[in-house]
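Shown next, in structure tokens, is the structure this report addresses.
In the numbering used here, the protein residues as written are 207 to 507.
The structure is reproduced here in structure tokens:
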């Protein structure tokens, strides 16, 4: 809740007129307790988990001829019932684990310094903080993900996420409840180290989930703007990790690829890409036939 009864008081404290964005924020949040603002995350995540994967899910179910070449594992076609089962299980974990966790984590959010007041952060400040959050989350997620591919971690926890060997957007948050809790830690470390405004925190949570849904989409579209982000993994990069499955010791990165490169855990993937290139250069190579038979992946890692 903002400590100003009127917009005039807020502007007096700022020493200037509020920007249009600040005026909008004041009108919305001035009389709203901070914990209600924080709990907006529950609504945002519910909307993202439900709507963000939907367009690509419809493509998966219908696969028009125009987008068929961009499907990464064309030999795998899921039924509507399988999509619904995935969404239902995600919602079950959402209401049993994610929602309650959001409700009880407010004191920690306040303790680390995430705030709701004025002034609002500039676009440059928000962009810098989000970049830091992505880099920190990516590095920590890499090591946790790698540990989860150990024998015990995989069999007891991570194998649930790998039930979808051909990932779909709805399966991005599909995981064992313990994995949901464990992998939530890296997402919070960045804001804990570099506290931000609540709006930035909302944006961070939404962008991180949107990124996860995109990398699990099962499609690699050439017009995707994420292809212009340096060291970004993307759907094709993470799809290989799912295809190889429990045996995978490759492509652990959640967002960027630099950790896999530095620690040598992309060797299988690079071999696979070289194999693909070599096969496509052969006159007798039929790319569509190879993909239909599941030969587009060299399952060597």
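All residues carry an ideal CB built from backbone N, CA and C; glycine is no exception.
Please name the residue, chosen from 392, 233, 457 and 369, that lies closest to residue 410 on a Cα-to-Cα basis. 392
Assign residue 349 to one of two classes, buried (16 or more other C-beta atoms within 10 Å of its C-beta) or exposed (fewer than that). exposed
Tell me, please, whether the stretch 428-445 touches the stretch 380-395 by the rule of three or more beta-carbon pairs shorter than 8 Å. no
Applying the 10 Å Cβ sphere with the 16-neighbour rule, what's the burial state of residue 471? buried
Identify every residue that forms a DSSP beta bridge with residue 486. DSSP output for residue 486 lists no bridge partner at all.
By the 10 Å Cβ neighbour count, where 16 or more other Cβ atoms means buried, how is residue 212 classified, buried or exposed? exposed
Coil, strand or helix - residue 382 by DSSP: coil
Thinking residue 524 and residue 324 are a contact (beta carbons under 8 Å), I'd like their distance in whole angstroms, please. Past the boundaries of the shown model lies residue 524; the chain is included only from 207 to 507, so the question cannot be answered.
Could you tell me whether the Cβ atoms of residue 442 and residue 374 are closer together than 8 Å? no
Under 8 Å, with one C-beta from each stretch per pair, do the stretch 361-379 and the stretch 246-266 reach the 3-pair mark? yes
Are residue 424 and residue 445 close, meaning C-beta to C-beta below 8 Å? yes
How do the stretch 279-289 and the stretch 355-364 stand: do at least 3 beta-carbon pairs fall below 8 Å, yes or no? no
Less than 8 Å between C-beta atoms, sequence neighbours within five positions excluded: which residues of the same chain meet that for residue 343? 392, 393, 395, 396, 414, 460 and 461
Going by DSSP, what residue range makes up the alpha helix (DSSP H) through residue 453? From DSSP, residue 453 is part of no alpha helix (DSSP H); its letter is neither H nor E.
Whether residue 478 touches residue 372 by CB criterion (8 Å): no
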